[in-house]
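Position 431 (the sequence shown) corresponds to 431 in full-length UniProt numbering; numbering is contiguous.
For every residue, glycine included, the Cβ atom is placed at its ideal position computed from N, Cα and C.
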Amino acid sequence: MEKKSSLEVIEAIASLLDAKNTETEGHSKRVALIVVIMGKQMGMKGKDLEQLERMARLHDIGKLGIPDNILNKPSMLTEEEFTIMKSHTVIGADILTNLNNSKLYVMAAKFHHERYDGKGYYGMYCEELPLSIRILALADALDAMTSYRRYQRNVDTKEAIAGELLKGRGTQFDPVVTDVAISCLRDGRFDAILQEAKDIHEKQMRMGDRMHYVGWSLDSYTPKCWSRFVPLEYMAKQITEYERLSSFHGILGIMEMDNFDDLIANEGHRAADLKLFSFCDRVCEILNSSEIISRVSENRILVYMENNHKLKLRYQEIQKMADILGVSIVAGLAVNEKKWNFKAALDRARCALYHAKLCNLKLYMEENVKKDLPKDIGLEADRKLIEREIPLSERVGKTLALITITPIRNDVFDMERMDEVVYTLEDNFIRKLDDTIRTKRFSSNQIVLVKETMNKEDVEELLEWNISEYFRLSQITEFEIQWEIL
1 MEKKSSLEVI
11 EAIASLLDAK
21 NTETEGHSKR
31 VALIVVIMGK
41 QMGMKGKDLE
51 QLERMARLHD
61 IGKLGIPDNI
71 LNKPSMLTEE
81 EFTIMKSHTV
91 IGADILTNLN
101 NSKLYVMAAK
111 FHHERYDGKG
121 YYGMYCEELP
131 LSIRILALAD
141 ALDAMTSYRR
151 YQRNVDTKEA
161 IAGELLKGRG
171 TQFDPVVTDV
181 AISCLRDGRF
191 DAILQEAKDI
201 HEKQMRMGDR
211 MHYVGWSLDS
221 YTPKCWSRFV
231 PLEYMAKQIT
241 EYERLSSFHG
251 ILGIMEMDNF
261 DDLIANEGHR
271 AADLKLFSFC
281 DRVCEILNSS
291 EIISRVSENR
301 ILVYMENNHK
311 LKLRYQEIQK
321 MADILGVSIV
331 AGLAVNEKKW
341 NFKAALDRAR
351 CALYHAKLCN
361 LKLYMEENVK
371 KDLPKDIGLE
381 ADRKLIEREI
391 PLSERVGKTL
401 ALITITPIRN
411 DVFDMERMDE
421 VVYTLEDNFI
431 RKLDDTIRTK
441 RFSSNQIVLV
451 KETMNKEDVE
461 ELLEWNISEY
471 FRLSQITEFE
481 IQWEIL
């Protein structure tokens, strides 16, 4: 009787975990429902099934011993913090050691992150773990992948969930257990559980418990890094939902590390990546808990933030931090309109980013594009910048031309497409014209051409004929090209 009371007390204590970590609210309860459905399907009954359910309810109890600042940290965990987070398996096992028939409860707490291929926390292989633990490990991951968590994309259709499970079949999960889970999923036996996770997420969003989306992984509680790119289609879905449920209209921003290529050339790709990782971490800390942030390309991050009076101050903090890290950041911001449209906002943010780079600024609001453009660019400003960037020894006795590619429509254009045009023009065309021609990438949409032993008129003719012909043959219609002899 005493032992049974102890178990009930521990179960009651375990239920407090939802209050400690709202992001995983209802997780253990849903995992318990999943394992019972799967256990029945696999022939378990009576006390075995009851014990499996309790194992699921108690498997994360060790998180009660993890500090709140780590458990609820809004940005990525450091290596040291992740080591502390992993200790919840040991803490849980210690808590459950003295229970009656404690062996399986202890194993549930300690080994629910083990994998079929032996690549889990403790390197345990399938044959070393009882069936109940293998069921629990899959159920834990299944709820994680279908719930809304930081550093993880939720999978929200049955076929997508089945696809993720199949990816882990024979590596992360026991193949037999995986097949049973997919069968239960497709038969609709998990429908109510999946709906509950969605309902909890919507409740949290209405209560202001906003979340960060920066990547994903099938393994729950594994710290994610910024080395993966989040598809824009996924970000569109998350931000659109956020707009629907939140009480404010926000700002969509693109931040670009514009010295990323230089860092790669000077320090190597890994070092450049690490600087970007550090920058993203610090951005998370500065923006705190009311924004959505993700890496969407090699040197760009997408940020959705609240539009308020603190915006400029926060961006100034980000710039100061970027200077300390030795990274150069340019940003384009688009204010959300009343009727939310992600693609339109993204186009406007890209346009603002383009003008920020064109005008040699660090921040551009899309509403200022037409107002500020005329006074910020021009031949004289370009000439001064070129004189600063290109040494005198490289200019004496040579003819310089500045080639500029601009979008025909300033309001909508594809930044990646413009990059492609500039790159192709420089690398695959200009450099093949003449061995005495040298080029230098001057900005995101400009190239400086340096030609020896040729007068200005001949350079003008060369540009007129060859570049115009290139644009005609390539059928480039969304951009126009201009050049100036300096």
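- Assignment of S294 by DSSP, reduced to helix, strand and coil, places it in the strand class.
- Within the same chain, Cβ atoms closer than 7 Å to the Cβ of I91 are found at G62, G65, the five residues on either side in sequence being excluded.
- The alpha-carbon separation between E159 and L166 amounts to approximately 10 Å.
- A distance below 6 Å between beta-carbons, with the five flanking residues on each side excluded, links F260 to the following residues of its chain, in chain order: A272, N299.
- Between L136 and A108, the beta carbon gap of about 6 Å places them in contact (Cβ cut-off 8 Å).
- Between the alpha carbons of T89 and D117 lies a distance of about 19 Å.
- Linking A32 to L71 through their CA atoms gives a straight-line distance of about 22 Å.
- DSSP places I254 in the strand class (E or B) of the three-state scheme.
- Taking every protein chain shown into account, the CB of I37 has 16 or more other CB atoms within 10 angstroms, so this residue is buried.
- With contacts defined by Cβ atoms closer than 9 Å, H112 and D143 do not form a contacting pair.
- In this chain, the alpha helix (DSSP H) harbouring E79 covers 79–86.
- When only Cα atoms are considered, C280 and I301 end up about 8 Å apart.
- In this structure, the straight-line span from the alpha carbon of A344 to that of L138 is close to 40 Å.
- Comparing C-alpha distances from A162 to each of S183, V176, L402 shows the shortest one belongs to S183.
- Of E79, D60, P67, the smallest CA-CA separation from I95 is found for D60.
- Contact between L52 and G39 holds, since their C-beta atoms are separated by about 5 Å, short of 8 Å.
- Minimum Cα-Cα distance from M145 among the listed residues I133, K198, G120, M321 corresponds to K198.
- CA-to-CA, the gap between V35 and Q195 works out to about 17 Å.
- Non-local C-beta neighbours of A93 in its own chain, meaning closer than 6 Å and more than five positions away in sequence, comprise V106, A109, K110, ordered along the chain.
- In the DSSP assignment, A334 is bridged to L252.
- Counting only the Cα atoms, Y121 lies some 42 Å from A349.
- Excluding its 5 nearest sequence neighbours in each direction, F479 has C-beta neighbours in its own chain below 7 Å: I405, T406, P407, I408, M418, V421, listed in chain order.
- The Cβ neighbour count for S28, taken over all protein chains shown within 10 Å, is at least 16; the residue is labelled buried.
- Within the model, the alpha-carbon separation for E484 versus G168 is close to 58 Å.
- Residue range 479–485 is occupied by the beta strand (DSSP E) that includes I485.
- In the same chain as E460, and ignoring 5 residues on each side of it, the C-beta atoms closer than 7 Å to its own belong to I485, in chain order.
- In the DSSP assignment, V31 falls within the unbroken alpha helix (DSSP H) covering 27–41.
- Note that the C-beta distance between L276 and M305 is not below 9 Å.
- The beta-bridge partner set that DSSP reports for A401 consists of L449, I485.
- Excluding five sequence positions before and after Q482, the CB atoms of its chain that fall closer than 6 Å to its own CB belong to T404, given in chain order.
- For the 9 Å CB-CB criterion, I254 and L185 do not form a contact.
- Judged by DSSP in its simplified three-state form, I318 adopts helix.
- Cβ-Cβ separation between L325 and S294: approximately 19 Å, too far for a contact (criterion under 8 Å).
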